[in-house]
Amino acid sequence: MRALCAVAVLGGQDALIKCLDELYPAYWVHGKATHEKEGLMACLSKALGEEMARKAMEMAPKEGKELLGKNTDQAFAEGAFGLPWFVAENSKGERDVVWGWTIWRSW
């Protein structure tokens, strides 16, 4: 999670989505050890290129950890009690939360 937070710092949501697009099938379809440094680095490199992946891994212990802590604090403040947990805001500024397989409410 720290490495993915570092990816978000480096490349924003687009980079994070690219990484998730690599990580999910690597783990769930191909059974890769994405929790190990080598498996994670392989997925990040495929999604971002080796240089950016290496930078994210270098940032993970400090910047990644800091952002993960902030995100965790925010999730608790929003009332999160499990994953996945999303906070959504519509064009009227109305906010709602979605947990797990909750059906999105019609706004």
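Numbering (my numbering), first residue to last: 6 to 112.
A virtual CB, placed ideally from N, CA and C, is assigned to each residue, including glycine.
On a predicted model such as this, the values are computed, not experimentally measured, just so you know.
Using 8 Å as the Cβ pair cut-off and three pairs as the minimum, do the region 57-70 and the region 11-26 touch?
yes
Thinking V14 and M64 are a contact (beta carbons under 8 Å), I'd like their distance in whole angstroms, please.
7 Å
Helix, strand or coil for E94 per DSSP?
strand
Where does V92 land, buried or exposed, given buried means 16+ other C-beta within 10 angstroms?
exposed
Answer yes or no: do W90 and A82 have a C-beta to C-beta separation smaller than 8 Å?
no
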